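Structure, as structure tokens:
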Amino acid sequence: MRSSHKIFVTIFLLMLPPLFWAGNAIVGRLMVGVIPPLTLNFLRWAIALLLLLPFSYSLFFKTSVFMPLWRRYLALGFFGIGCYNALQYMALVTSSPINVSLVTSSIPVFMLLVGFFFFGVTVRLKAALGVGLSILGVVVVVSRGDLAALFSMNLVAGDLLMVLASFTWALYSWLLVRPGPHPDPQSLKDHWIHFLFVQIAFGVACSFVFALLEWAWLQEPVLELIQWGPSLALAALYVAIFPGIVAFRAWGIAVERVGPAFAGVVVNTTPLITALLSMVFLNETPEPYHMLAFALILGGIVVFQWGRFSDLGRT
Numbered sequence: 013m014r015s016s017h018k019i020f021v022t023i024f025l026l027m028l029p030p031l032f033w034a035g036n037a038i039v040g041r042l043m044v045g046v047i048p049p050l051t052l053n054f055l056r057w058a059i060a061l062l063l064l065l066p067f068s069y070s071l072f073f074k075t076s077v078f079m080p081l082w083r084r085y086l087a088l089g090f091f092g093i094g095c096y097n098a099l100q101y102m103a104l105v106t107s108s109p110i111n112v113s114l115v116t117s118s119i120p121v122f123m124l125l126v127g128f129f130f131f132g133v134t135v136r137l138k139a140a141l142g143v144g145l146s147i148l149g150v151v152v153v154v155s156r157g158d159l160a161a162l163f164s165m166n167l168v169a170g171d172l173l174m175v176l177a178s179f180t181w182a183l184y185s186w187l188l189v190r191p192g193p194h195p196d197p198q199s200l201k202d203h204w205i206h207f208l209f210v211q212i213a214f215g216v217a218c219s220f221v222f223a224l225l226e227w228a229w230l231q232e233p234v235l236e237l238i239q240w241g242p243s244l245a246l247a248a249l250y251v252a253i254f255p256g257i258v259a260f261r262a263w264g265i266a267v268e269r270v271g272p273a274f275a276g277v278v279v280n281t282t283p284l285i286t287a288l289l290s291m292v293f294l295n296e297t298p299e300p301y302h303m304l305a306f307a308l309i310l311g312g313i314v315v316f317q318w319g320r321f322s323d324l325g326r327t
């Protein structure tokens with residue numbers, strides 16, 4: 013009984029991140045025209061920071077724990093909290109949640125490329141083949157199944173922004189597992205809330221700067237552009253709590269139980285969940301090129317996992 017219960021709990025935890033991340037894409041799309049994307053990103057992480065504050069306020073009295081490595085946590089907050097999520101919400105202004113989730117599912121490939129070019133990782137032949145298949149899948153997404161669009165440069169800005177977002181998340185992931193000559197303090201690694209809180213704190217600062225730039229670019233009072241109401245409040249709470257905090261913790265536990273390789277394959281169900289949610293909430297149906305892109309990306313990930321590079325650990 014205990015064994016079957018543990019298996020059930022593990023499967024449940026594995027499915028939470030793709031479900032919540034798919035929901036994040038849907039909510040981001042629904043909020044287009046309700047709140048500017050960079051403002052939504054700042055609001056999301058500011059709420060998450062406040063929710064974690066009661067469990068992490070003691071860090072303010074122990075700044076010596078993390079301040080010597082403030083540049084590292086600034087980089088983590090910049091790429092993982094600031095850039096990735098900001099680019100995702102910007103992408104959803106012009107791209108569909110299905111396209112966004114398809115590009116996102118190719119992140120392991122971007123991690124391999126970043127590892128090869130910036131961290132000196134050796135790439136095996138099977139991994140290279142997986143990269144090729146997945147990149148072809150991303151090309152299908154970006155071109156929307158019309159390769160002529162690539163040559164005419166008739167591309168959707170949101171799809172390209174999501175490619176850039178995937179690159180920033182790959183950088184974030186490598187920074188997590190390659191802390192450099194000075195590893196994270198054990199007191200932070202032992203408390204996942206504290207570790208997440210420090211990243212979000214620096215990420216909120218970056219997100220606020222991005223929001224200020226957005227407000228200056230809009231040249232209109234941002235408070236007048238935001239459609240205040242229950243829908244915005246619920247959306248902000250959802251993206252702060254579930255994709256932001258709960259998915260992070262569920263992912264960490266699941267990876268500890270089944271390993272990063274299997275968890276990485278399961279998380280690629282996100283496009284399928286996104287497609288189902290899009291049909292329910294957005295009345296959007298998958299196109300044939302979505303199926304082709306999903307098959308190519310997933311196939312590439314499977315080949316990639318068989319021949320993945322030797323020294324990448326994931327947390």
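All residue numbers for the sequence shown refer to the numbering used here, where the first residue is 13 and numbers rise by one. Note that CB positions come from ideal geometry on N, CA and C, so glycine has one too. Keep in mind it's a predicted model, so treat the numbers as computed, not measured.
Per DSSP, D158 lies in no alpha helix (DSSP H) segment and is marked neither H nor E. Straight-line spacing of the CA atoms in A213 and L183 works out to 19 angstroms. The segment 77-92 makes no contact with the segment 230-247, as fewer than three CB pairs between them are under 8 angstroms.
R83: member of the alpha helix (DSSP H) spanning W82 to L88, first to last residue. Here the C-alpha atom of A103 lies approximately 28 angstroms from the C-alpha atom of V267.
Rounded to whole angstroms, the gap between the alpha carbons of V39 and L124 is 30 angstroms. Pairing V221 with V133, the inter-Cα distance amounts to about 34 angstroms. If you draw a straight line from the Cα of L88 to the Cα of V112, it comes to about 22 angstroms.
The C-alpha of L249 is placed about 32 angstroms away from the C-alpha of M303. Counting the other CB atoms within 10 Å of its CB gives A245 a total below 16, which places it among the exposed residues. The three-state secondary structure of W57, taken from DSSP, is helix.
Take the alpha-carbon of P49 and the one of S219: they are about 11 angstroms apart.
The criterion of a C-beta distance shorter than 8 angstroms is satisfied by S146 and I313. Cβ contact annotation for V143 (same chain, cutoff 8 angstroms, sequence separation greater than five): V121, L124, L125, V135, G312 and F316, in chain order. In the DSSP assignment, L237 falls within the unbroken alpha helix (DSSP H) covering V234 to L237. Under the three-state reduction of DSSP output, W33 falls in the helix class. In the three-state scheme derived from DSSP, where H, G and I count as helix and E and B as strand, M27 is classed as helix. In this structure, the CA atom of I19 is about 30 angstroms from the CA atom of G92. With a threshold of 16 other beta carbon atoms within 10 Å, F67 falls short and is exposed. The beta carbon of F254 sits closer than 6 angstroms to those of F32, all from its chain and outside the five residues before and after it, given in chain order. A direct Cα-to-Cα measurement between L86 and F54 gives close to 16 angstroms. Considered as a whole, the segment 178-223 harbours 198-201 as its complete alpha helix (DSSP H) runs of no fewer than 4 residues, in chain order. Between T297 and M291, the gap from beta carbon to beta carbon is short of 8 angstroms. L141 and I119 have their alpha carbons spaced roughly 15 angstroms apart.
Counting along the chain, V112 sits inside the alpha helix (DSSP H) bounded by residues P109 to T116. Here DSSP, grouped into helix, strand and coil, assigns T297 to coil.
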